[in-house]
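To keep things clear, I will list the structure first and then write my remarks on it.
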Amino acid sequence: EAQPLLDGKVTAVSYTPHACQRDVASNSVSLVVTGNAAYLPADCNGHYPCLDVTRILCVFLCVVDHGGTKFGVWNTMYVQSWVLQFLYYVCGFVFGMSSRPLLGYCCRLSLYFVIGVTVNLSAWSLAGKSWRNNVFGMVFQFWFVFGLILFLLALAPLKRCLANVRDVARSTHWPSVSIVGGFGTSMAEPDNLWELARELAKGLMVMTVSCGVVHSLNKLVAMPVLVALFTGPLQSTIEGMGESSKFWGLPEGIDRSEWQAFIAQMLKDSEISVTNTLIVLVFIRITSRLPLTLWVLFLNTYLHKCMLYRSQTCRMLNAFDYTLMGLSFHYLGLAGRRVIGEYVTRYWFMFLFTCSLLWQPGMFGRFDESPPTDLSVRFRYYLLEFWFAIFFFTAIERVVDERIFTKDRLHFLSHWALLIFLIHNFFVVLANQMGYWCMLVGTILLCKLLFGGDQPKATRDKPSSRDG
Numbered sequence: 025e026a027q028p029l030l031d032g033k034v035t036a037v038s039y040t041p042h043a044c045q046r047d048v049a050s051n052s053v054s055l056v057v058t059g060n061a062a063y064l065p066a067d068c069n070g071h072y073p074c075l076d077v078t079r080i081l082c083v084f085l086c087v088v089d090h091g092g093t094k095f096g097v098w099n100t101m102y103v104q105s106w107v108l109q110f111l112y113y114v115c116g117f118v119f120g121m122s123s124r125p126l127l128g129y130c131c132r133l134s135l136y137f138v139i140g141v142t143v144n145l146s147a148w149s150l151a152g153k154s155w156r157n158n159v160f161g162m163v164f165q166f167w168f169v170f171g172l173i174l175f176l177l178a179l180a181p182l183k184r185c186l187a188n189v190r191d192v193a194r195s196t197h198w199p200s201v202s203i204v205g206g207f208g209t210s211m212a213e214p215d216n217l218w219e220l221a222r223e224l225a226k227g228l229m230v231m232t233v234s235c236g237v238v239h240s241l242n243k244l245v246a247m248p249v250l251v252a253l254f255t256g257p258l259q260s261t262i263e264g265m266g267e268s269s270k271f272w273g274l275p276e277g278i279d280r281s282e283w284q285a286f287i288a289q290m291l292k293d294s295e296i297s298v299t300n301t302l303i304v305l306v307f308i309r310i311t312s313r314l315p316l317t318l319w320v321l322f323l324n325t326y327l328h329k330c331m332l333y334r335s336q337t338c339r340m341l342n343a344f345d346y347t348l349m350g351l352s353f354h355y356l357g358l359a360g361r362r363v364i365g366e367y368v369t370r371y372w373f374m375f376l377f378t379c380s381l382l383w384q385p386g387m388f389g390r391f392d393e394s395p396p397t398d399l400s401v402r403f404r405y406y407l408l409e410f411w412f413a414i415f416f417f418t419a420i421e422r423v424v425d426e427r428i429f430t431k432d433r434l435h436f437l438s439h440w441a442l443l444i445f446l447i448h449n450f451f452v453v454l455a456n457q458m459g460y461w462c463m464l465v466g467t468i469l470l471c472k473l474l475f476g477g478d479q480p481k482a483t484r485d486k487p488s489s490r491d492g
């Protein structure tokens, strides 16, 4: 069984044989493109091929970037706008799918963290590098796992809340139905433009009030508390980060005015994440049209990102927002996704053309690490990210062919993605670029040898829905 990168117990596997399609589909509607039906139609085993392919591709591109290539700074294939974003979307969605208890889920992630940090520490020791003065740099890619654990702990209460709302929606026969999170989950979408405008007005009201409340709390409560912590008990921890603290823009020393300016910017950056959480909690209570929730999140997130400068400290906060979006999408769906997905895939060439207009030739830099200060550049950059978010949430399953697993039998690449995620920084530290690429190719062959024959028999040589 193909294993997801960071999930413990997925209710899923991915291949969609015709027998299963006939059991679930009706009226000759293809399971692959049921639009507002399930986010991704699963087979009898519940596997989601688009999640696997997305995860494998995104991990591979991250590993390539960490190997010292220049693809990231030139934003080749627009990777700054979708690679990490898609990874966190998948993590949020899979967290919603999983029935594993939170403790077991986090323990599995913690195991990956410990193994990976041990590998990185071994590389630094062999290279004679001092990790004590640069703990952040030594941990490197496993801050992704550490951050994800914190996100899931923070989102666990919201997950239960969303599950309760979904269960209520399942038992309610709405005039219009959208099936999300599993077959038989009834969700309501607006029946007309007037209803759409009314529900979006509710969303705008919730967004405005949430922003005001969070801003006031940050100014009156969070600001003095955090200044006292960062200039006092946490100062030794910050000094232990070494050079990595400069990357995140942390002030040096205990100058109170510098820390006040830094914390003010940090709290300003965090307002999106906190308000997004409040929006989900409140909006689902006052609307009967749950699939509109993600649109309100989009509006709040990208309106802030486009209009307001946010510092490099917001990178992990952005990751929380992406995870929240993935989790919310699993339970609430997205209004209009079937129609939008059809047009996105039908006019894919216009999608790419729009990307080239937003990221103009000659643009250079890691704007995901150092956000642009120029308004026009920032607007284009985050509009491009939103463009890819629309692609993921409306059409990602349409561009993935299940024959990657059922016919080509590349299921072992899930194990390969996990392996290179764990060990690639070892070779970044100790090997040259040629050795690094030899490692990437060699581990493919190794995983093929070890896991190439593990595909379940029930999924072998099954005809694809795309075979005609």
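Numbering (the numbering used here), first residue to last: 25 to 492. Ideal placement from N, C-alpha and C gives every residue a C-beta, glycine not left out.
Straight-line Cα distance separating residue j from residue i
i    : j    : result
Q45  : K94  : Reliability fails at Q45, whose pLDDT of 37 lies under 50, so the model's placement of it is uncertain and the value that follows must be treated cautiously. Each residue's Cα considered, the two are about 44 angstroms apart.
T301 : R334 : 19 angstroms
L434 : V163 : 30 angstroms
V87  : S149 : 21 angstroms
S195 : V189 : 10 angstroms
N157 : A252 : 24 angstroms
Q457 : Q336 : 28 angstroms
V304 : P214 : 18 angstroms
F254 : W283 : 7 angstroms
A151 : L454 : 6 angstroms
T378 : V97  : 20 angstroms
S380 : R390 : 17 angstroms
R361 : I80  : 24 angstroms
W167 : G236 : 31 angstroms
L172 : L186 : 19 angstroms
F415 : G256 : 45 angstroms
R422 : C74  : 8 angstroms
G476 : L228 : 51 angstroms
L241 : V169 : 29 angstroms
R222 : R313 : 10 angstroms
V424 : F137 : 30 angstroms
H328 : L399 : 12 angstroms
Y326 : Y406 : 7 angstroms
V465 : W155 : 29 angstroms
R184 : Y72  : 22 angstroms
P396 : T418 : 28 angstroms
Buried/exposed call for residue i, threshold 16 Cβ in 10 Å
i    : result
T58  : Here the model assigns T58 a pLDDT of 35, short of 50, so the residue's position is not dependable, and the following value carries that caveat. So T58 ends up on the buried side.
L473 : exposed
Y112 : buried
F373 : exposed
K243 : exposed
N449 : buried
V363 : exposed
T299 : buried
M101 : exposed
C462 : exposed
G131 : Before going further, note that residue 131 is Cys rather than Gly in the sequence given. So C131 ends up on the exposed side.
D76  : buried
F429 : buried
C409 : As written in the sequence, residue 409 is Glu, which differs from the Cys given in the question. Classification of E409: buried, given that the 10 Å Cβ count is 16 or more.
Y367 : exposed
W218 : exposed
V83  : buried
P248 : exposed
Assumed close pair residue i, residue j - CB separation to whole angstroms, cut-off 8 angstroms
i    : j    : result
L332 : M231 : The Cβ separation is near 14 angstroms, so there is no contact.
N144 : W383 : Actually they are not in contact, since the Cβ atoms of N144 and W383 sit about 32 angstroms apart, beyond 8 angstroms.
L182 : A343 : With 8 angstroms as the limit, L182 and A343 do not qualify as a contact, their Cβ atoms being about 16 angstroms apart.
F117 : L351 : 7 angstroms
First and last residue of the uninterrupted alpha helix (DSSP H) at residue i
i    : result
S281 : 280-310
R427 : 427-430
K226 : 217-241
F416 : 399-419
G389 : It is not in any alpha helix (DSSP H) - G389 carries neither H nor E in the DSSP assignment.
W372 : 372-382
S123 : Premise fails: S123 is in no alpha helix (DSSP H) and is neither H nor E.
T78  : 73-90
V245 : It is not in any alpha helix (DSSP H) - V245 carries neither H nor E in the DSSP assignment.
Of all the alpha helix (DSSP H) runs that stay within the bounds of the segment 161-197, which reach a length of 4 or more residues? 167-194
If you scan the segment 331-363 from start to end, which runs of the beta strand (DSSP E) of 3 or more residues do you find wholly inside it? none
Ignoring anything shorter than 4 residues or poking outside the segment 425-464, list the alpha helix (DSSP H) runs there in chain order. 427-430, 437-454
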